[in-house]
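A short write-up of the structure that comes next.
Number of protein chains: 2
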Amino acid sequence: MTEVASRKQDRIARRQVDKFDARRTELAVATLHTLADLGYARTSLREIAQNSEFSHGVLHYYFADKRDLITEAVRQYEVVCVTRYDEVVATSTTAEQLRAEFVAMFFDTLGQDAPLHRLWYDLRTQSLFDESFRADVLEIDGHREDMVWRVVSRYAELLGGMPSASPGTTYVTLDGIFQRALLHHFTGNADAVARLRTELPAVIDLLVTKVG
Amino acid sequence: MTEVASRKQDRIARRQVDKFDARRTELAVATLHTLADLGYARTSLREIAQNSEFSHGVLHYYFADKRDLITEAVRQYEVVCVTRYDEVVATSTTAEQLRAEFVAMFFDTLGQDAPLHRLWYDLRTQSLFDESFRADVLEIDGHREDMVWRVVSRYAELLGGMPSASPGTTYVTLDGIFQRALLHHFTGNADAVARLRTELPAVIDLLVTKVG
DNA sequence: GCTTTTCCTTGACAGTCGTCAAGTTTTTCT
DNA sequence: AGAAAAACTTGACGACTGTCAAGGAAAAGC
Chain L
0 MTEVASRKQD
10 RIARRQVDKF
20 DARRTELAVA
30 TLHTLADLGY
40 ARTSLREIAQ
50 NSEFSHGVLH
60 YYFADKRDLI
70 TEAVRQYEVV
80 CVTRYDEVVA
90 TSTTAEQLRA
100 EFVAMFFDTL
110 GQDAPLHRLW
120 YDLRTQSLFD
130 ESFRADVLEI
140 DGHREDMVWR
150 VVSRYAELLG
160 GMPSASPGTT
170 YVTLDGIFQR
180 ALLHHFTGNA
190 DAVARLRTEL
200 PAVIDLLVTK
210 VG
Chain U
0 MTEVASRKQD
10 RIARRQVDKF
20 DARRTELAVA
30 TLHTLADLGY
40 ARTSLREIAQ
50 NSEFSHGVLH
60 YYFADKRDLI
70 TEAVRQYEVV
80 CVTRYDEVVA
90 TSTTAEQLRA
100 EFVAMFFDTL
110 GQDAPLHRLW
120 YDLRTQSLFD
130 ESFRADVLEI
140 DGHREDMVWR
150 VVSRYAELLG
160 GMPSASPGTT
170 YVTLDGIFQR
180 ALLHHFTGNA
190 DAVARLRTEL
200 PAVIDLLVTK
210 VG
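Chains as they are written, first to last, in numbering that gives the first Met the number 0: chain L, 0 to 211; chain U, 0 to 211.
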């Protein structure tokens, strides 16, 4: 094969791979929405296909099996979810502003992306039963922890203090609050959500210690 | 009907009800174990029956449907789970002792009843998707919050201080730590669990404020 | 001891599930 | 344009699901 022909074939192969990956991603996104709607326990391949523009058979053309598909969907979740607060950190110039904008973003995404968030907790819990999810869950959980840590440590910095707990503890505290707010959100208990919102600034302050 | 006959019939009726309830409870416990083993998504009635000494048909003799059965199982969980720390609170005479015994109990039940605990988180997450679980979940969550509050407020009392966060925030913080410890427990990451154990006393101290 | 009630098993039902093979449509290449 | 390859649909498979009715086994009542 000449060099030119070889390069051409490469280009073709790459384009095919790109197309393949693009469709995979498209189907993974449809999967993500279905999972967010129904939860892991009630999500079937036919239901996923109905949330896409294809028939159910195509899923086995692009994915080895259901696990492969859901794993890919989880990875899509990560892409969406894990840089949410970075802009807040980057643009805030005072501690008070950072805290306020974090709280605002926190409850904004709670209301906006509630179905997606409940899916995250669903999958994280599934990973307690199904080993095959664990690696991805741990990775995403780590990224979430990092994200929270960037916020809190920056807040401490702006405040001239230090975080008072480890990254892990800091994360689970805020994550716990989010989980509870989510539960009350779906219960329709707006008062409880509002109360959590009122309390959140004080909790953040608990997580940092002012120095002298 | 004579009074004697009436009373006798009452006694019989009561005995029948007792037997009926006893069997219901027995089957609910079998259900609980199956759920703890497999998780909500993978638990079927036939599997539950295999974990009992009966056949699958009997479940519809004692329960209206699957939801009824699982609801009863969740209630069983509550009976088991919600008074766990009360003895610690009752017998501890110093703040340090209370804190130490709480931490010990915390990680003891983590190792001992791990499957049951993951089930709790599974069902709580299911309630985000399935409205019919929500009432029971909220009730149990409330009892767990009360339980944690009894511990922390008593700790503050012994320390001569006050809780620094609301009952809700206090609960979600410790619950978040428990959830994370559970995840690492099932991952087999004993180091991470040990680290959480080391940090837990400091977190508890964060949750109370000494009064000058 | 016989009858009635309670308890439990068995087997079947209609439906859904993941998977896959066969075949059709669409796109790509020459 | 025709041939080859890729993309997609359709329909079927065996297995599994919750539910329930028919009937046998055990217990209770007389």
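Even for Gly, the Cβ is constructed at its ideal location relative to N, Cα and C. If you're wondering where the values come from, they're calculated on a predicted model, not measured in any experiment.
For residue i, three-class secondary structure by DSSP
{"i": "Val207 (chain U)", "result": "strand"}
{"i": "Gly38 (chain U)", "result": "coil"}
{"i": "Gly160 (chain U)", "result": "strand"}
{"i": "Val192 (chain U)", "result": "helix"}
{"i": "Val3 (chain L)", "result": "The pLDDT assigned to Val3 (chain L) is 46, lower than 50, so where the model puts this residue is not dependable, and the model offers no usable value."}
{"i": "Tyr84 (chain U)", "result": "coil"}
{"i": "Lys187 (chain L)", "result": "Per the sequence presented here, residue 187 (chain L) reads as Gly, with Lys not at that position. Three-state DSSP puts Gly187 (chain L) in coil, outside helix and strand."}
{"i": "Asp67 (chain L)", "result": "helix"}
{"i": "Thr172 (chain L)", "result": "helix"}
{"i": "Glu52 (chain L)", "result": "coil"}
{"i": "Val202 (chain L)", "result": "helix"}
{"i": "Phe62 (chain U)", "result": "coil"}
{"i": "Asp140 (chain L)", "result": "helix"}
{"i": "Thr33 (chain U)", "result": "helix"}
{"i": "Thr124 (chain L)", "result": "helix"}
Chain-order list of residues whose beta-carbon lies under 7 Å from that of residue i (same chain, five-residue window excluded)
{"i": "Arg23 (chain U)", "result": "Tyr61, Glu71"}
{"i": "Thr1 (chain U)", "result": "Low confidence applies to Thr1 (chain U): its pLDDT is 45, below 50, so where it sits in the model is not reliable, and the reading given next is rough at best. Cβ neighbours of Thr1 (chain U) beyond the five flanking positions: none."}
{"i": "Ala29 (chain U)", "result": "Ile47, Asn50, Ser51"}
{"i": "Leu44 (chain U)", "result": "His55, Leu58, Lys65"}
{"i": "Ser91 (chain L)", "result": "Leu97, Glu100"}
Beta-carbon contacts of residue i that lie in its chain and below 8 Å, excluding the five residues immediately before and after
{"i": "Thr93 (chain L)", "result": "Leu157"}
{"i": "Leu182 (chain U)", "result": "none"}
{"i": "Lys209 (chain L)", "result": "Leu158, Gly159, Gly160"}
{"i": "Glu138 (chain L)", "result": "Glu77"}
{"i": "Gly110 (chain L)", "result": "His184"}
{"i": "Phe19 (chain L)", "result": "Tyr61"}
Close beta carbons around residue i, own chain, < 6 Å, minus the five adjacent residues each side
{"i": "Ser152 (chain L)", "result": "Pro162"}
{"i": "Tyr39 (chain U)", "result": "Asp121, Gln125"}
{"i": "Ala155 (chain U)", "result": "Met161, Pro162, Val207"}
{"i": "Phe128 (chain L)", "result": "none"}
{"i": "Thr33 (chain L)", "result": "Thr42, Glu46, Ile47, Asn50"}
Contact list for residue i against chain U, beta-carbon separation under 7 Å
{"i": "Leu137 (chain L)", "result": "Thr186"}
Per-residue contacts from residue i into chain L (C-beta, under 9 Å)
{"i": "Ala164 (chain U)", "result": "Glu198, Ala201, Val202, Leu205"}
{"i": "Gly167 (chain U)", "result": "Ile176, Arg179, Ala191, Arg194, Leu195, Glu198"}
{"i": "Leu97 (chain U)", "result": "The contacting residues do not exist; Leu97 (chain U) stays about 20 Å from chain L at best."}
Residues that residue i contacts on chain U, provided the C-beta gap is smaller than 8 Å
{"i": "Thr90 (chain L)", "result": "Residues of chain U passing the Cβ test: none, with the nearest at roughly 28 Å."}
{"i": "Leu31 (chain L)", "result": "Ordered by position in chain U, no residue passes the 8 Å Cβ test against Leu31 (chain L), which lies about 15 Å from the chain."}
Cross-chain neighbours of residue i in chain L, by beta carbon under 8 Å
{"i": "Leu37 (chain U)", "result": "Phe128"}
{"i": "Leu26 (chain U)", "result": "None at all; the shortest Cβ gap to chain L is about 21 Å."}
Listed by chain order, chain L residues near residue i by CB distance under 7 Å
{"i": "Thr172 (chain U)", "result": "Thr172, Gly175"}
{"i": "Leu68 (chain U)", "result": "Near Leu68 (chain U) there are no residues of chain L at all, since even the closest Cβ is about 16 Å away, more than 7 Å."}
Partner residues on chain U for residue i, Cβ-Cβ distance less than 9 Å
{"i": "Leu158 (chain L)", "result": "Chain U residues near Leu158 (chain L): none, gap ~16 Å exceeds 9 Å."}
Practice problem: Would you be able to state if there are at least three C-beta pairs under 8 Å between the stretch 80–89 of chain L and the stretch 134–147 of chain L? | Solution: yes
Quiz item: Relative to chain U, which residues along the stretch 105–135 of chain L have a C-beta separation below 8 Å, given in chain order?
Solution: Arg117, Tyr120, Asp121, Arg123, Thr124, Gln125, Ser126, Leu127, Phe128, Asp129, Arg133
Quiz item: Are three or more beta carbon pairs between the stretch 165–179 of chain L and the stretch 160–175 of chain U nearer than 8 Å?
Solution: yes
Self-check item: the stretch 46–65 of chain U / the stretch 96–104 of chain U touching (three or more Cβ pairs under 8 Å)
Solution: no
Practice problem: Residues of the stretch 39–66 of chain L with a CB closer than 9 Å to any CB of chain U: list them in chain order, please. | Solution: Tyr39, Ala40, Arg41
Quiz item: Quick check: the stretch 192–199 of chain L against the stretch 100–117 of chain L, are there 3 or more CB pairs under 8 Å?
Solution: yes
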